[in-house]
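Asks: In order, the protein sequences belong to chains H, S and G.
Be aware that the first sequence starts at 11, since it is given in my numbering, and climbs by one per residue.
Be aware that the second sequence starts at 11, since it is given in my numbering, and climbs by one per residue.
Be aware that the third sequence starts at 11, since it is given in my numbering, and climbs by one per residue.
Idealized CB from N, CA, C, for every residue including glycine.
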Amino acid sequence: MIQQVEITLPRLGRGYHLVTSNIERELPDLPEKGLLHILVKHTSAGITLNENADPTVRGDFESFINKMIPENDPVYEHTLEGLDDMPAHLKASVIGAEITVPITNSRLNLGTWQGIYFCEFRNGKRSRKLVLTVYS
Amino acid sequence: MIQQVEITLPRLGRGYHLVTSNIERELPDLPEKGLLHILVKHTSAGITLNENADPTVRGDFESFINKMIPENDPVYEHTLEGLDDMPAHLKASVIGAEITVPITNSRLNLGTWQGIYFCEFRNGKRSRKLVLTVYS
Amino acid sequence: MIQQVEITLPRLGRGYHLVTSNIERELPDLPEKGLLHILVKHTSAGITLNENADPTVRGDFESFINKMIPENDPVYEHTLEGLDDMPAHLKASVIGAEITVPITNSRLNLGTWQGIYFCEFRNGKRSRKLVLTVYS
């Protein structure tokens, strides 16, 4: 069986945000076993699994990935939409815009320290949509 | 239900190519709701979701990722297959070789600006195979 | 149908390890057509598809990714768990902690040169758990 819902996240601002409970709250009753697929419907935001405890991890993601994929790189030709735009597209493909998570005993089956990060790569607080698909 | 088809892309050459319609054309009739999984059966090519409008975005991917993962890095020991080979393997894992996309109302449910990029990381025009799996 | 099993890998040590046969050995009888999803239940390890033949490729992954995402970067604030910890979290999201692979004719349908890499980003030989989900 496939169940699907499209949701809009709260406007979170640039950075890496723990959204596991935002997503769990929007899910239908979960099957005993199955999988949850999450798509970010944007090309300048991402989704990934990472550490759910220490907020400095999310801060270090922002600082380090900004160095790895900087604004103002002289190779960029796509610059009309702002300095933050082309790096945001690159980050969206390096981090990824979709993940799948197993469901076991009617709950998301993540590791103890794993959470779902929503990654806002652009400046400003934007309205961002996700498609959640549960299959069982 | 699972439907599966293996396809060969046109020989596209090095770079990032928008292949959404190449893929849609090869799909069976889509279910009302479901998911499409796409695997690239190669270790020097990738697949990702990104901006479907301005071609300079795809050009900037090629230029920037070539700087981030350069040819000729002195750490490489795997050099016998050409200067473009080891960077291509690294890019295949950083960008990824498989994605899943939701299907809603019998169509791929991507954001307005999202398209599917096939990423050819090696020089030359190579024959590249994808496995498409639709589940519903 | 969904079949699910949680497995523990042998303690492999830091680096990139070909684990295709470790995983195949733990799978239930595979359906004729379907998909296998693999989740790494940790935030400092990853899983990816890459070259299954020349071990220098795996060595070059270790050397190059260590340069791309170094220890001791001055931006890191999350340093209490060791120099290898924050880079390990970053690598887990750049490489990814979950993949999906198609099943065709009751076997994993990978390219000739593709294998599954388990990526241990931390020092030491750690016990690492995967969730394997087969759906058909």
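Comparing C-alpha positions only, which one of S:A107, S:M78, S:H52 and S:P20 sits nearest to G:F74?
Replies: Counting from 1 along the third sequence, the entry for residue 74 of chain G is found at position 64. Looking at the Cα atoms, S:M78 is the closest of the given residues.
Asks: For H:D94 and G:T53, what's the separation of their Cα atoms in angstroms?
Replies: Taking the first residue of the first sequence as position 1, residue 94 of chain H is located at position 84. Taking the first residue of the third sequence as position 1, residue 53 of chain G is located at position 43. Cα to Cα, H:D94 sits roughly 27 Å from G:T53.
Asks: In terms of residue numbering, what span does the alpha helix (DSSP H) encompassing G:G23 cover?
Replies: As a working mapping, residue 23 of chain G is identified with position 13 in the third sequence. Element bounds for G:G23: n/a, residue is neither H nor E.
Asks: Determine the chain G residues that contact S:G106 at a beta-carbon separation under 7 Å, and present them in chain order.
Replies: Here residue 106 of chain S corresponds to residue number 96 of the second sequence, with the count starting at 1. Neighbours of S:G106 on chain G, chain order: G106.
Asks: Which chain G residues sit within Cβ distance under 7 Å of S:T30?
Replies: In the second sequence, counting from the first residue as 1, residue 30 of chain S sits at position 20. Within chain G, no residue comes near S:T30; the closest Cβ sits about 19 Å away, beyond 7 Å.
Asks: Closer than 7 Å by C-beta to S:W123: which residues in its own chain qualify, once you throw out the five before and the five after it? Chain order, please.
Replies: Translated into positions along the second sequence, residue 123 of chain S becomes position 113. If we look at S:W123 and ignore the five residues flanking it on each side, its Cβ neighbours are E61, N62 and A63.
Asks: Where do the N-terminal and C-terminal ends of the alpha helix (DSSP H) with H:H99 fall, by residue?
Replies: Residue mapping note: residue 99 of chain H aligns to position 89 of the first sequence, counting from 1. Note, H:H99: alpha helix (DSSP H), D95 to I105.
Asks: So S:E72 is in the beta strand (DSSP E); what residue range does that whole segment cover?
Replies: The residue labelled residue 72 of chain S in the question sits at position 62 within the second sequence. S:E72 -> not in any beta strand (DSSP E); alpha helix (DSSP H) instead, spanning P65 to M78.
Asks: Could you tell me the alpha carbon to alpha carbon distance between S:G44 and S:L118, rounded to whole angstroms?
Replies: As a first step, residue 44 of chain S must be located in the second sequence, where it is residue number 34. As a first step, residue 118 of chain S must be located in the second sequence, where it is residue number 108. So the alpha carbons of these two residues sit roughly 9 Å apart.
Asks: What is the rounded straight-line gap between the Cα of S:E16 and the Cα of S:P38?
Replies: Indexing the second sequence from 1 puts residue 16 of chain S at position 6. Indexing the second sequence from 1 puts residue 38 of chain S at position 28. In a straight line, the C-alpha of S:E16 is about 12 Å away from that of S:P38.
Asks: How about G:Q124: is its C-beta nearer than 8 Å to some C-beta of chain S?
Replies: Counting from 1 along the third sequence, the entry for residue 124 of chain G is found at position 114. Yes, G:Q124 counts as interfacial toward chain S.
Asks: In the region 58-88 of chain G, which residues sit with their C-beta less than 9 Å from some C-beta in chain H, listed in chain order?
Replies: Hits within the stretch, in order: M78, I79, D83, V85, Y86, E87 and H88.
Asks: Using only the alpha-carbon positions, how far apart do S:N115 and H:F128 sit?
Replies: Within the second sequence, the letter at position 105 stands for residue 115 of chain S. Within the first sequence, the letter at position 118 stands for residue 128 of chain H. Near 26 Å, if we compare the C-alpha coordinates of H:F128 and S:N115.
Asks: From H:L140 to S:I105, what does the alpha carbon distance come to, in whole angstroms?
Replies: By 1-based counting over the first sequence, the position of residue 140 of chain H is 130. By 1-based counting over the second sequence, the position of residue 105 of chain S is 95. Going by the C-alpha atoms only, they are around 21 Å apart.
Asks: Considering S:N32, what are the terminal residues of the alpha helix (DSSP H) in which it resides?
Replies: As a position in the second sequence, residue 32 of chain S is number 22, starting the count at 1. Counting along the chain, the alpha helix (DSSP H) containing S:N32 begins and ends at T30 to E36.
Asks: Just by C-beta distance, which residues in the region 16-44 of chain G are closer than 7 Å to chain H?
Replies: Per Cβ criterion, the list is empty.
Asks: Taking a cut of 7 Å between CB atoms, which residues from the region 96-120 of chain H lie near chain S?
Replies: The region 96-120 of chain H vs chain S, Cβ under 7 Å: M96, H99, L100, A102, S103, V104, G106, A107, E108 and T110.
Asks: S:V85 to S:S103, Cα distance in whole Å?
Replies: Indexing the second sequence from 1 puts residue 85 of chain S at position 75. Indexing the second sequence from 1 puts residue 103 of chain S at position 93. Approximately 18 Å between the Cα atoms of the pair.
Asks: Between the Cα of G:Q14 and those of H:P112, H:P97 and H:L46, spot the shortest distance and give me the residue it belongs to.
Replies: Counting from 1 along the third sequence, the entry for residue 14 of chain G is found at position 4. Closest by alpha carbon: H:P112.
Asks: Please report the Cβ distance between S:L59 and S:I109, rounded to the nearest whole angstrom; I am assuming they are in contact, meaning their Cβ atoms lie under 8 Å.
Replies: Residue numbering aside, residue 59 of chain S sits at position 49 when the second sequence is read from its first letter. Residue numbering aside, residue 109 of chain S sits at position 99 when the second sequence is read from its first letter. The pair is a contact, with the Cβ atoms about 6 Å apart (cut-off 8 Å).
Asks: Taking only the alpha-carbon atoms, compute the straight-line gap between H:S146 and S:I12 and give it to the nearest angstrom.
Replies: Here the question's residue 146 of chain H lines up with position 136 in the first sequence. Here the question's residue 12 of chain S lines up with position 2 in the second sequence. The straight-line gap from Cα to Cα measures roughly 13 Å.
Asks: Please confirm whether G:P97 and G:E87 have their CB atoms less than 8 Å apart.
Replies: Taking the first residue of the third sequence as 1, we reach residue 97 of chain G at position 87. Taking the first residue of the third sequence as 1, we reach residue 87 of chain G at position 77. No. Outside cutoff.
Asks: Quick one: what's got a C-beta closer than 7 Å to G:H99's C-beta in the same chain, skipping five residues either side?
Replies: Within the third sequence, the letter at position 89 stands for residue 99 of chain G. So the qualifying residues of the chain are T53 and S54.
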